[in-house]
Amino acid sequence: MVAHAQSATLIGVEARLIEVEVELTQGLPYFAIIGLGDAAVQEAKYRIQAALRSCDIDLPHKRVTINLAPAALRKDGASLDLPMTMGLLIALGIVRASQMESCLALGELSLSGRLRPVRGVLPSATLARRLGLRRILVPLENAAEAEALAPLETLGAASLKDVLRIVGVKTSGDAAPTRPASVRGQQGEPSHGSAPEAPEASDPCPPGLPSDATSSTEAAGSRGSAQGSSSDLARTPHRRPSLDMVDVRGQAIAKRAMEVAATGGHNILLIGSPGAGKTMLARRVPSILPALSVEEQIEVTSIWSSAGLTVGGPGLVCERPFRAPHHSISSAGLIGGGSSIRPGEISLAHRGVLFLDEMPELPRRVLESLRQPLEEQKVVLSRARESVAFPADFMLVGAANPCPCGWLGHPSGRCLCPDESIRRYQGRISGALLDRIDIVLMIPSLTSAELLDEGTSPRSGHDPAPDDVAATPSLATSTPASKTTAVIARPDTGVRESSLQIRARVVKARAHALERSGHLNARLRGRELKRVATVDDEARSILRRAIDQLQLSARSLERTIRVARTIADLNGQPKIHAPEIAEALQYRSRVPTSST
Numbered sequence: 013m014v015a016h017a018q019s020a021t022l023i024g025v026e027a028r029l030i031e032v033e034v035e036l037t038q039g040l041p042y043f044a045i046i047g048l049g050d051a052a053v054q055e056a057k058y059r060i061q062a063a064l065r066s067c068d069i070d071l072p073h074k075r076v077t078i079n080l081a082p083a084a085l086r087k088d089g090a091s092l093d094l095p096m097t098m099g100l101l102i103a104l105g106i107v108r109a110s111q112m113e114s115c116l117a118l119g120e121l122s123l124s125g126r127l128r129p130v131r132g133v134l135p136s137a138t139l140a141r142r143l144g145l146r147r148i149l150v151p152l153e154n155a156a157e158a159e160a161l162a163p164l165e166t167l168g169a170a171s172l173k174d175v176l177r178i179v180g181v182k183t184s185g186d187a188a189p190t191r192p193a194s195v196r197g198q199q200g201e202p203s204h205g206s207a208p209e210a211p212e213a214s215d216p217c218p219p220g221l222p223s224d225a226t227s228s229t230e231a232a233g234s235r236g237s238a239q240g241s242s243s244d245l246a247r248t249p250h251r252r253p254s255l256d257m258v259d260v261r262g263q264a265i266a267k268r269a270m271e272v273a274a275t276g277g278h279n280i281l282l283i284g285s286p287g288a289g290k291t292m293l294a295r296r297v298p299s300i301l302p303a304l305s306v307e308e309q310i311e312v313t314s315i316w317s318s319a320g321l322t323v324g325g326p327g328l329v330c331e332r333p334f335r336a337p338h339h340s341i342s343s344a345g346l347i348g349g350g351s352s353i354r355p356g357e358i359s360l361a362h363r364g365v366l367f368l369d370e371m372p373e374l375p376r377r378v379l380e381s382l383r384q385p386l387e388e389q390k391v392v393l394s395r396a397r398e399s400v401a402f403p404a405d406f407m408l409v410g411a412a413n414p415c416p417c418g419w420l421g422h423p424s425g426r427c428l429c430p431d432e433s434i435r436r437y438q439g440r441i442s443g444a445l446l447d448r449i450d451i452v453l454m455i456p457s458l459t460s461a462e463l464l465d466e467g468t469s470p471r472s473g474h475d476p477a478p479d480d481v482a483a484t485p486s487l488a489t490s491t492p493a494s495k496t497t498a499v500i501a502r503p504d505t506g507v508r509e510s511s512l513q514i515r516a517r518v519v520k521a522r523a524h525a526l527e528r529s530g531h532l533n534a535r536l537r538g539r540e541l542k543r544v545a546t547v548d549d550e551a552r553s554i555l556r557r558a559i560d561q562l563q564l565s566a567r568s569l570e571r572t573i574r575v576a577r578t579i580a581d582l583n584g585q586p587k588i589h590a591p592e593i594a595e596a597l598q599y600r601s602r603v604p605t606s607s608t
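Our numbering numbers the first residue of the sequence shown as 13 and each following residue consecutively.
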């Protein structure tokens with residue numbers, strides 16, 4: 013008789029069903045695992061036998077054959093240890109087959125029988141629910157993650173002995189409880205060894221999540237990296253985040269540009285001398301972004317789970333990801349890869365922010381690998397046997413110095429870099445990549461008054477700032493586009509706004525854009541952009557002068573109109589007027605190429 017158990021293996025961020033078939037036959041004792049498993053799968057026979065001995069279960073002197081179907085699909089990792097063990101226990105007559113008929117199992121076994129956490133639990137739970145299975149059996153440390161998918165019943169176990177208790181088997185020296193102690197999602201008091209109660213389905217984000225952490229990993233999938241997250245706004249929209257825009261001194265234009273970028277999902281590049289506040293601004297972008305929806309939380313958590321970043325966590329990733337890899341990262345670390353393909357930093361930043369500091373310092377090949385993901389919001393990795401697509405819908409925030417020494421354009425005149433060295437340094441970011449960045453802004457150095465925090469104060473309270481717009485209409489008619497000075501929709505009045513106040517405007521404008529076209533303004537192209545971005549005559553006149561004087565290409569013009577559409581949404585304008593076009597043009601800074 014062939015015993016059956018069900019499990020899953022990861023292909024990218026998707027789980028594929030694995031049917032575990034176990035057969036015991038007469039013959040010399042032998043343990044064979046077939047079905048295109050890697051070394052970790054083949055080594056499972058030693059872990060399984062040791063774990064069974066820890067439960068006082070010895071294998072009979074028979075031939076054991078375990079088949080992992082479909083045989084053509086490559087399997088890797090140790091997550092198949094538990095389902096192979098369950099199939100073997102069914103074949104031995106220790107576990108009833110009915111217990112595993114509608115159950116998907118995942119877990120790695122130690123020699124002592126302890127269950128170790130595995131990656132990919134949420135994608136596997138998604139697969140189980142789609143197939144109509146009722147339960148999923150996972151290590152206790154993965155249970156919170158699987159519980160996000162109600163009404164799927166989650167069974168969390170700390171060891172193989174716990175598993176035997178859950179399925180109703182009595183082991184030597186242990187009394188079997190009437191109800192499994194570590195069953196999740198059921199009524200009853202938890203006993204020793206059970207996991208804490210799960211949060212209610214309506215509130216999948218438990219309190220106490222980290223408010224801000226960044227990653228600086230390079231390995232594909234970021235094994236062992238710190239989790240990157242945004243502020244705590246996703247769960248408590250009225251609580252001030254630990255990283256707040258109110259802490260940023262000066263830089264009114266840059267903060268406004270960040271607000272525009274966050275509203276429209278525009279990629280942004282900040283260029284300025286060291287100490288100007290580029291990194292400080294970038295790390296506060298998640299605090300002004302809207303909260304993740306439940307669907308987005310599941311989507312983000314599935315990606316993080318496939319990279320092994322959710323083990324032991326509270327369940328769903330409830331906050332916008334913020335990833336900040338070091339500039340020495342490889343292509344595989346950024347876009348994904350490895351022998352068993354795992355997501356890279358751009359996929360881990362899905363629905364969040366990817367911050368690339370010292371952008372020109374990244375290898376040219378690594379930078380150029382961003383072009384397809386920025387255009388298509390996904391990355392496709394092809395290998396000899398398979399092709400895997402990872403989602404990569406992120407907001408890129410780049411930071412760069414204007415020259416190798418960093419002091420080009422500084423009032424002190426400290427830059428001594430040769431002109432050729434400056435041009436070579438700035439040329440490390442190709443024109444093709446810059447074409448995919450809607451906002452490029454020069455960040456000025458802080459004045460002495462701004463450094464000493466003189467004349468400014470944080471805005472008190474948490475109410476959103478008024479929506480009035482203080483634009484300068486005279487710029488639209490009297491100033492040529494090439495000499496347009498900064499047009500700030502909310503000029504520096506000496507009062508610094510908090511992230512919550514900025515976020516309120518971002519949420520409102522984003523909602524309007526999504527209602528109008530179904531996606532953010534940064535995704536507008538061609539006819540759709542022409543349909544939703546209506547420009548009045550005065551604004552068209554400014555655009556005409558800008559095309560002539562700034563030699564705008566078709567793609568540059570499209571970028572300017574997209575940004576202007578976002579500014580109009582923030583200003584509550586159905587059409588794009590002259591002030592919106594003038595402000596959008598100022599976010600196309602030209603970086604000086606000479607120190608003289």
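We put the CB at the ideal spot given by N, CA and C, even for glycine.
- Take I451, set aside five residues on each side of it, and the residues of its chain with a beta-carbon closer than 6 Å to its own are A269, A273, H278, I280 and Y599, in chain order.
- When secondary structure is reduced to three states using DSSP, Q438 falls in the helix class.
- Taking a C-beta distance under 7 Å as the contact criterion, G89 and V32 do not qualify as a contact pair.
- In this structure, S317 sits near G132, with a CB-CB distance shorter than 7 Å.
- By alpha-carbon distance to R261, the top candidate from A20, T291 and G443 is T291.
- Taking C-beta atoms as the reference points, E357 and R335 count as a pair closer than 7 Å.
- Contact check for S343 and V378: beta-carbon distance about 5 Å, within the 8 Å limit, so the pair qualifies.
- Q61 has its alpha-carbon roughly 11 Å from the corresponding atom of P72.
- Within the stretch 336–411, the complete alpha helix (DSSP H) runs of at least 4 residues fall at 343–347, 357–360, 376–380 and 383–388.
- Distance from the Cα of L428 is smallest, within the candidate group S553, Y437 and C415, for C415.
- According to the DSSP assignment, M454 belongs to the beta strand (DSSP E) that extends over I451 to I455.
- For the pair E380 and H339, the CB atoms are not nearer than the 7 Å cut-off.
- Of the candidates D405, P403 and R354, the residue whose Cα lies closest to the Cα of R395 is R354.
- Taking the Cα positions, R556 is about 42 Å away from E331.
- For E165, the beta-bridge partners assigned by DSSP are R147.
- Closest option to I148, judged by alpha-carbon separation, among S114, L127, Y437 and S66: S114.
- Excluding its 5 nearest sequence neighbours in each direction, S352 has C-beta neighbours in its own chain below 6 Å: D88, listed in chain order.
- G289 counts as buried, since at least 16 other C-beta atoms from the protein chains shown sit within 10 angstroms of its C-beta.
- In this structure, R567 and D431 do not form a Cβ contact; the two beta carbons are roughly 28 Å apart against a cut-off of 8 Å.
- Annotation: the continuous beta strand (DSSP E) that includes A17 extends over V14 to I23.
- DSSP, reduced to helix, strand and coil, places T37 within a strand of the structure shown.
- Taking every protein chain shown into account, the CB of T459 has fewer than 16 other CB atoms within 10 angstroms, so this residue is exposed.
- Taking D70 as reference, the option from L104, P591, M257 and P82 with the minimal CA-CA separation is L104.
- DSSP places A319 in the coil class of the three-state scheme, outside both helix and strand.
- Nearest neighbour of I310 by Cα position, chosen from A158, R528, D256 and A109, turns out to be A158.
- Counting every other CB atom within 10 Å of its CB across the protein chains shown gives S110 a total below 16, marking it as exposed.
- Judged by DSSP secondary structure, G284 falls outside any alpha helix (DSSP H) and instead within the beta strand (DSSP E) spanning I280 to G284.
- Take G284, set aside five residues on each side of it, and the residues of its chain with a beta-carbon closer than 6 Å to its own are K290 and I455, in chain order.
- Under DSSP, I46 takes part in a beta bridge, and its partners are N79.
- Remark: fewer than three beta-carbon pairs, one from each stretch, lie closer than 8 Å, so the stretch 138–148 and the stretch 43–50 are not flagged as touching.
- Going by C-alpha positions, R522 is about 20 Å away from I265.
- The criterion of a C-beta distance shorter than 7 Å is not satisfied by V53 and E35.
- DSSP places L564 in the coil class of the three-state scheme, outside both helix and strand.
- Judged by DSSP secondary structure, A117 falls within the beta strand (DSSP E) whose first and last residues are C115 to A117.
- Across the set E592, L582, N154 and L512, the C-alpha of E592 shows the shortest separation from the C-alpha of E550.
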